[in-house]
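Under our numbering, the first residue of the sequence shown carries the number 519, and numbering increases by one thereafter.
Glycine included, every Cβ here is placed at the ideal spot set by N, Cα and C.
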Amino acid sequence: MTVTEVSARLGISGQTTEARARLLERTPRWRRASALKELARWLLAPVVFFIPPHLPWVLLVLGLGAFRAFGRRREHRTLLWLHGPCPRCGTVQEFAELGRLRDPHMAQCASCRWSVRAEVARRVVG
Ligand SMILES: [Zn+2]
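Here you go:
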């Protein structure tokens, strides 16, 4: 696993600023293994069945396992760090919305609370 630092662009309705992001490129092997670990939650289904009201807990465990496994299968890149100025208020900050890099990836400014669209470069820069 290699952490790479790439350039990113933060935008709100036409206004953009430059930012930096650290990413972790996920291999197909990692995604497959991680999804299987999430599906292992299904093993809890027979245990939670004994907690009243029985069926909702089983459905919750099965649904949560499937949902998280699906997310891991789609996690090609993980956003570890996003740092830059908000395009609206200019506050330089580290954004808290990390995890699976979505397209588009949305983050929220801690100062003005506007949703910021983060576009992260595909290739490694510098
Ligand atoms: Zn802001």
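* How about alanine 551 and alanine 639: are their beta carbons less than 8 Å apart? -> no
* Spatially closest choice to cysteine 604 from Val521, Glu523 and Gly529, by CA coordinates -> Gly529
* Where does arginine 640 fall in DSSP's three states? -> coil
* Within 10 angstroms of the Cβ of alanine 558, are there 16 or more other Cβ atoms? Answer buried if so, exposed if not. => exposed
* Asked: Does ligand 1 have a heavy atom nearer than 7 Å to the CB of threonine 534?
  -> no
* **For glutamate 615, the nearest candidate out of Ser633, Lys555, Cys607 and Val524 (CA to CA)** => Ser633
* **Separation of glutamine 533 from isoleucine 569, as counted between CA atoms** => 52 Å
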